[in-house]
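Below is one structure, written out as structure tokens; comments come after it.
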Amino acid sequence: MNLSYSQIKTHILKVTNENWTSHLTKPNHERDNYREEQQTLHIGQIVARFLGVPLDEDEYYNRLFDLIHTENAGLILLSEEHLDKTINNQQFQAIQKVLNINREQDLSINRFAAFLDGEQLLLKSSSPSMHRKIREAMISMLKLFSELEPAGLKNQEIRRVLVDVIKWSTNHLGTELKDIDPKMAMPKILWYGNGKKSHFYFLYYLIQIGCDILYFSPSGEDLPAKMGPVVQESFAHHYPEKKRPEPFPQEKRRRSATVAYRASREIETILNHEGSGLYKPWQLRDYTPSSVTLKTTYDELFILIKEKAMIRPNFEVKEGRVMIPSVFSKIQGVSRNRKEYWDRIQTISQYDESLLIRRFPFTNSVNNDFRFHYRNALDREGKLDPEKIIAGHYWRYQQLPGGLQNGIAMAIRNMCERPRIKPLSSESEEELKIYLFSQSLQIPPSILKLMQQFDYSQDVPKIILYNNELNGTMVRSDAALLLLLNQFGLDIVLYNPPGHNDIENFIEEDLYDVHWLEDVVFEQEFKEPSFLKKVLFQGLLKNLKGD
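As numbered in the working numbering, residues -1 to 545 make up the sequence shown, in order.
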């Protein structure tokens, strides 16, 4: 190939939702910004991000199918599922060799890239200018890594990122770049779905090489937005909804939305979008719940606990997550105004979404060793991966809706990431996490039923515990479940008339409020509401609900 240039510079083009397809199919020499000057070839590059999903999901996934399977766009499909993760042992050893040299000599970024090139780890091209571009792209990626990661190239994640980027680029672009003519085209990539750290740097590497990138993220995750101002300013189209990515389509869907259906969905989106404060029943069923525990006074507790979640302070719906303001309180002793005391207990325990617990323990302690299952469910960052948890054969909640399963798995992850249960003597942090993990897989049916009834923007399920020490003793497994339920967003109120420690023995004290009342009373039996009061209360609830 007789070249009149020795360097290639790429320029991200300004495209719109209407013209990106026509730009994508143009050869480089017909695109804007194409020119050859002073031995430098300038070419236009497409980087387009499509975040979220439209109202008509079937049309969206059919479009993705067409882009790969029927349109003559020459796109390479890449995603977590489609990446070829194989690497030959020679490459792996060569990467380790460069890392060892860096550990000993503290290499500059340019020398680090030179050693990678010397070990034949960079992509090859018959064009010297293209080979130079590949090397410059690796230098840019290493610079970004050094800027974003603590300790730069000495960060322990560099090994994983390098191994992934080198094997993926070799497996997917090795033949594409070997004899490529940059005047005609560069590789075109369609990235689909969410990404992790290695995917982030791999995408950046591809952009720096000059590949055209179509980035489709149904969840709304925007990895390119974190890659610096040039990439941040690339075209981004925001669809109205955000959902978990479905598997990339293997065939076209055969459903087509009517005009009336689309109009109805548009109206719903306007009225019920995230942050609108208006939510139809079960609109948030596929969102991931997490809680913010409200700090209240004793009197505020009974005002807030009857409010719907969306009315409470700090309720927030954003980017596929719903933040649920919840109550976690312990009431020590008994009020001198006994009538008010019993009226309040009886009222909050009679709500349809309430569960009154008066016998302890109310959970079973797990004796099986879940060490292997726990470690097998960790991601590369050492955190529990909700998808791996749900895929485990030990997962007992397969019958639940997918959104609820994901919510429970995410609550388990968050609870184990920062354990708030007090360790036993000589219990390591990992053992503590394994204990919480194993106990979270044993949610009692009565509580699981409450969680299934939880429409995240509406009435918050309530766990009311009355511990007079006449019906057993609270144990550690009870506390572990309460931690999980608090993480999920349920209200928890624990009564202890004698004012003794129970939950304090297991859970860190700053996680819940403690309200001391005037009297301490021993062996105080629970006072059931009168039959007439029960009937009147249930009738009032039905009237409020319109039953």
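Even glycine gets a Cβ: it sits at the ideal position worked out from N, Cα and C.
For clarity, every value in this text was computed on a predicted model and none was experimentally measured.
Own chain residues within Cβ distance below 6 Å of Asn153, not counting five before or after: Here residue 153 corresponds to residue number 155 of the sequence shown, with the count starting at 1. Contacts found: Glu147.
Could you name the residues that DSSP lists as bridge partners for Gln553? Outside the modelled stretch of the chain, which goes from -1 to 545, sits residue 553, for which no answer is possible.
Same chain only: Cβ atoms within 8 Å of Phe200, ignoring 5 sequence neighbours per side: For the purposes of this step, residue 200 is taken as the residue at position 202 of the sequence shown. Around Phe200: Asp162, Val163, Trp166, Ser167.
Alpha-carbon spacing of Pro287 relative to Gly380, whole angstroms: Residue numbering aside, residue 287 sits at position 289 when the sequence shown is read from its first letter. Residue numbering aside, residue 380 sits at position 382 when the sequence shown is read from its first letter. Distance between the alpha carbons of Pro287 and Gly380 is about 22 Å.
Alpha carbon to alpha carbon, how far is Asn86 from Leu140? Give it in angstroms, no decimals. Taking the first residue of the sequence shown as 1, we reach residue 140 at position 142. Taking the first residue of the sequence shown as 1, we reach residue 86 at position 88. Straight-line Cα distance between these residues: approximately 23 Å.
Indicate whether the contact test is met: 3 or more Cβ pairs, each with one atom in the region 456 to 464 and one in the region 428 to 440, closer than 8 Å. no
Taking the Cβ atom as the reference point for each residue, do Thr23 and Gly208 lie within a distance shorter than 8 Å? On the sequence shown, position 25 is the one that residue 23 refers to. On the sequence shown, position 210 is the one that residue 208 refers to. In this structure, Gly208 does not lie closer than 8 Å to Thr23 by Cβ.
Determine the DSSP secondary structure at Ser424, reduced to helix, strand or coil. On the sequence shown, residue 424 is found 426 positions in, with the first residue counted as 1. Three-state result, Ser424: coil.
Can you check whether the CB of Ala389 is closer than 8 Å to the CB of Leu382? Here residue 382 refers to the residue found at position 384 of the sequence shown. Here residue 389 refers to the residue found at position 391 of the sequence shown. No, the Cβ-Cβ distance between Leu382 and Ala389 is not below 8 Å.
Who does Lys328 pair with in a DSSP beta bridge? Sequence index remark: in the sequence shown, residue 328 carries index 330 (1-based). Looking at the DSSP assignment, Lys328 forms a beta bridge with Leu492, Val512.
Looking at the structure shown, is Thr173 part of a helix, part of a strand, or coil, going by DSSP? The residue labelled residue 173 in the question sits at position 175 within the sequence shown. Looking at Thr173 - three-state DSSP - the assignment turns out to be helix.
Identify, in the order they occur along the chain, each residue of the same chain with its Cβ nearer than 8 Å to the Cβ of Arg157, setting aside the five sequence neighbours on each side. Translated into the one-based positions of the sequence shown, residue 157 becomes position 159. These residues qualify, in order along the chain: Ile93, Gln94, Leu97.
Within 10 angstroms of its Cβ, does Asn362 collect 16 or more other Cβ (buried), or is it exposed? Mapped onto the sequence shown, residue 362 falls at position 364. Asn362 is exposed by the Cβ-count criterion.
Expected contact under 8 Å - CB spacing of Ile410 and Tyr395 to nearest Å: Taking the sequence shown and counting its residues from 1, one reaches residue 410 at position 412. Taking the sequence shown and counting its residues from 1, one reaches residue 395 at position 397. The pair is not a contact, with the Cβ atoms about 11 Å apart (cut-off 8 Å).
Does the Cβ of Ser215 have 16 or more other Cβ atoms within 10 Å, making it buried, or fewer, making it exposed? The residue given as residue 215 occupies position 217 in the sequence shown. Ser215 should be labelled buried.
Runs of alpha helix (DSSP H) lying entirely within the region 160 to 224, each at least 4 residues, in chain order: 195 to 207
In terms of residues, what are the limits of the beta strand (DSSP E) holding Arg33? As a working mapping, residue 33 is identified with position 35 in the sequence shown. Unbroken beta strand (DSSP E) run through Arg33: 33 to 35.
With DSSP as the reference, label Met128 as helix, strand or coil. Here residue 128 is taken as the residue at index 130 of the sequence shown, counted from 1. Helix at Met128.
Pro399 by DSSP, collapsed to three states: which one? Taking the first residue of the sequence shown as position 1, residue 399 is located at position 401. Here Pro399 sits in coil by DSSP.
Taking 6 Å as the limit between beta carbons, can you name the residues of its chain near Tyr493, skipping five residues before and five after? Along the sequence shown, read from residue 1 onward, the residue named residue 493 stands at position 495. Ile329, Tyr464, listed in sequence order.
Here's the rule I'm using: 16 or more other beta-carbon atoms within 10 Å means buried, otherwise exposed. How should Lys240 be labelled? The count along the sequence shown starts at 1 and reaches residue 240 at position 242. Buried.
Relative to the C-alpha of Tyr203, which candidate in Leu212, Ile132, Ser217, Arg251 has its C-alpha closest? The count along the sequence shown starts at 1 and reaches residue 203 at position 205. Tyr203 has its Cα closest to that of Ile132, out of Leu212, Ile132, Ser217, Arg251.
Could you tell me which residues DSSP pairs with Ala234 in its beta bridges? Here the question's residue 234 lines up with position 236 in the sequence shown. Answer by DSSP bridge pairing, in chain order: Arg47.
In the DSSP assignment, find the beta strand (DSSP E) that holds Lys316 and state where it starts and stops. Counting from one through the sequence shown, the residue named residue 316 turns up at place 318. It spans 314 to 316 - the beta strand (DSSP E) in which Lys316 sits, taken as one unbroken run.
Grouping DSSP H, G and I as helix and E and B as strand, with all else coil, what is Lys460? Residue 460 sits at position 462 when you count from the first residue of the sequence shown. Lys460 falls in the strand class under three-state DSSP.
Where the alpha helix (DSSP H) containing Leu480 begins and where it ends: Counting from one through the sequence shown, the residue named residue 480 turns up at place 482. Here the alpha helix (DSSP H) through Leu480 covers 474 to 486.
Outcome for Asn499 when other beta-carbon atoms lying within 10 angstroms are tallied against a minimum of 16: Here residue 499 refers to the residue found at position 501 when the sequence shown is read from its first residue. It is exposed - the Cβ of Asn499 has fewer than 16 other Cβ atoms within 10 Å.
What residue from Lys337, Leu221, Asp453 has the CA that sits closest to Gln546's CA? With the chain running from -1 to 545 in the structure shown, residue 546 is simply not present.
Best match in Arg416, Leu353, Pro421 for proximity to Leu446 [C-alpha to C-alpha]: Locating residue 446 in the sequence shown gives position 448, where the first residue counts as 1. The shortest C-alpha separation from Leu446 is found at Leu353.
If we count the other Cβ atoms within 10 Å of its Cβ and call it buried at 16 or more, is Ala183 buried or exposed? For the purposes of this step, residue 183 is taken as the residue at position 185 of the sequence shown. Looking at its Cβ environment, which holds 16 or more other Cβ atoms inside 10 Å, Ala183 is buried.
Please name the residue, chosen from Asp508, Asn412, Glu502, Thr471, that lies closest to Leu483 on a Cα-to-Cα basis. As a first step, residue 483 is located in the sequence shown; it is residue number 485 there, counting from the start. Comparing Cα-Cα distances from Leu483 to each of Asp508, Asn412, Glu502, Thr471, the minimum goes to Asn412.
Leu212 versus Lys337, Asn503, Leu509, Thr19, residue with shortest Cα-Cα distance: Taking the first residue of the sequence shown as position 1, residue 212 is located at position 214. Here the closest residue by C-alpha is Thr19.
Helix, strand or coil at Val320 according to DSSP, with G and I counted as helix: Within the sequence shown, the letter at position 322 stands for residue 320. Of the three classes helix, strand and coil, the one that applies to Val320 here is strand, per DSSP.
Short of 7 Å in beta carbon distance, which residues of its chain neighbour Asp457, apart from the five on each side in sequence? Order them along the chain. Position 459 of the sequence shown, counting from 1, holds the residue named residue 457. Closer than 7 Å at Cβ, skipping near neighbours: Lys306, Glu351.
Would you say the region 166 to 181 touches the region 121 to 128, given that touching needs at least three Cβ pairs under 8 Å? yes
So for Ser20, helix, strand or coil by DSSP? Here residue 20 refers to the residue found at position 22 when the sequence shown is read from its first residue. Three-state result, Ser20: helix.
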